[in-house]
Amino acid sequence: MTGARMMTPQVDCIQTVKARLGETPLWCEQTRRLVWIDIEDPHFWQLDPSTGEAFSRAQPCTYLGSQALTRSGKHLVARDLHLVMLDPQTGISELFARVPDERFPATRLNDGRVDRNGRLWIGTMDNGLKDGLGSLYRVDPDGSFAAFYDDVIVSNGIAFDPDGRHMYFTDTRRHLTWKITLDDAGERPVSRAVFADYSAGGERPDGACVDADGCLWQAFFAGGRIVRYTPEGRIDRSIDMPVTNPTCLCFGGPDYKTLFVTTAFKFLSEEQRANEPLAGSVFAISGAGQGVAEHRFDFQ
């Protein structure tokens with residue numbers, strides 16, 4: 001799939017940090033902070049873009065897979081194969097649920113996102129990055145799991161269109177993004193169609209979000225760019241990044257007109273790291289469009 005490149009908007013580094021695998025940026029409208037994680041140096045980060053103040057909390061796990069906002073104000077974070085409720089102010093956490101029928105360290109939790117009904121959709125992945133050991137799960141507020149699809153290598157890019165009837169889901173190591181139609185209740189997939197196929201070139205679609213126009217924004221790990229797809233699957237915008245590994249993105253700020261992007265230095269050679277001093281940092285892009293507020297997990 002190809003699309004016309006547009007003039008790159010202003011891309012600013014707003015947090016200079018060496019994140020090994022920065023991921024899952026989310027804008028919290030209650031605290032007016034950007035929250036994000038480092039998966040492989042497990043830290044939960046909070047950043048105030050208006051002041052530049054940033055601080056982190058180390059997490060007791062091997063992999064901090066993703067995080068989600070909740071209606072209680074706590075964050076639902078994925079530690080290895082566990083979902084934990086984390087108080088971002090005190091750092092106190094409590095176990096919420098564990099993924100059934102999976103084994104660590106063969107698999108772990110990775111990307112996730114909350115739907116409009118307050119349920120979390122989250123996937124698992126093969127830590128060896130080569131076998132279809134992962135699955136997609138729906139996690140309900142009572143902590144129960146429903147499993148869909150298997151043979152997933154690296155679950156990624158989970159996002160929902162504005163009406164909640166369609167979900168985007170990516171397998172980074174299969175180089176595919178699907179558009180999934182859900183049933184009327186938004187509880188179960190009805191059908192799945194390939195939305196974007198990069199298997200021929202081996203590109204790695206990574207984290208994603210949907211803007212107010214219903215277009216899908218996606219980061220390309222090892223691709224040095226982020227792109228916007230129309231709902232029909234056509235790329236209508238491509239923004240070059242000053243680093244090789246953009247990982248995930250979200251809209252935020254008071255008007256949701258700032259596009260925040262996390263990055264990683266994982267897999268970069270020593271020469272690449274020397275040439276990319278901002279690899280692993282957090283970036284903000286203005287003029288890319290407007291997003292919408294994240295849904296919050298309806299924790300019971």
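Here the sequence shown is numbered in the working numbering, starting from 1 and rising by one per residue. A virtual CB, placed ideally from N, CA and C, is assigned to each residue, including glycine. Owing to the predicted nature of the structure, the values given are computational and were not obtained by experimental measurement.
Per-residue burial, residue i [other beta carbons within 10 Å of its own, 16 or more giving buried]
i	result
Q15	buried
N275	exposed
A4	Annotation note: pLDDT 41 at A4 (below 50); position unreliable, coordinate value reported separately. Classification for A4: exposed.
T263	buried
P105	exposed
Q218	buried
R103	exposed
L216	buried
P100	exposed
I37	buried
R228	buried
Host alpha helix (DSSP H) of residue i (start-end)
i	result
A208	Where A208 is concerned, there is no enclosing alpha helix (DSSP H), although the beta strand (DSSP E) it sits in stretches over R204 to V210.
A274	E270 to N275
Which listed residue (the options) has its alpha carbon closest to that of residue i
i	options	result
D41	G22, T258 and D48	G22
K18	P205, E294 and A279	A279
C209	G201, V194, P231 and A97	P231
V35	V261, W121 and Q290	V261
D171	F221, P162 and R98	F221
E198	P100, G223 and D211	With the sequence shown as reference, residue 198 is identified as Tyr, and Glu is not the correct amino acid for it. Here the closest residue by C-alpha is G223.
E294	P25, L95 and L129	P25
For residue j and residue i, believed in contact at Cβ under 8 Å, the rounded distance
i	j	result
E203	H175	6 Å
N127	R108	6 Å
P9	A288	6 Å
Residue i: first and last residue of the uninterrupted beta strand (DSSP E) it sits in
i	result
F169	H166 to D171
V35	R33 to D38
S238	I235 to D240
Y137	G134 to V139
T262	T258 to T263
F160	S155 to F160
V77	H75 to R79
T124	L120 to D126
I92	Careful: I92 lies outside any beta strand (DSSP E) and carries neither H nor E.
- Query: Is it true that the segment 150 to 162 meets the segment 129 to 138, where meeting means three or more beta-carbon pairs spaced less than 8 Å apart?
  - Reply: yes
- Query: If you pair each beta-carbon of the segment 248 to 255 with each one of the segment 27 to 47, do three or more pairs fall below 8 Å?
  - Reply: yes
- Message: Does the contact criterion of 3 or more C-beta pairs under 8 Å hold for the segment 81 to 91 versus the segment 259 to 269?
- Response: no
- Query: Counting Cβ pairs, one atom from each stretch, are 3 or more of them under 8 Å apart for the segment 107 to 114 and the segment 179 to 197?
  - Reply: no
- Message: Could you check whether the segment 45 to 58 touches the segment 68 to 80, counting it as contact only if at least three pairs of C-beta atoms, one from each stretch, sit closer than 8 Å?
- Response: no
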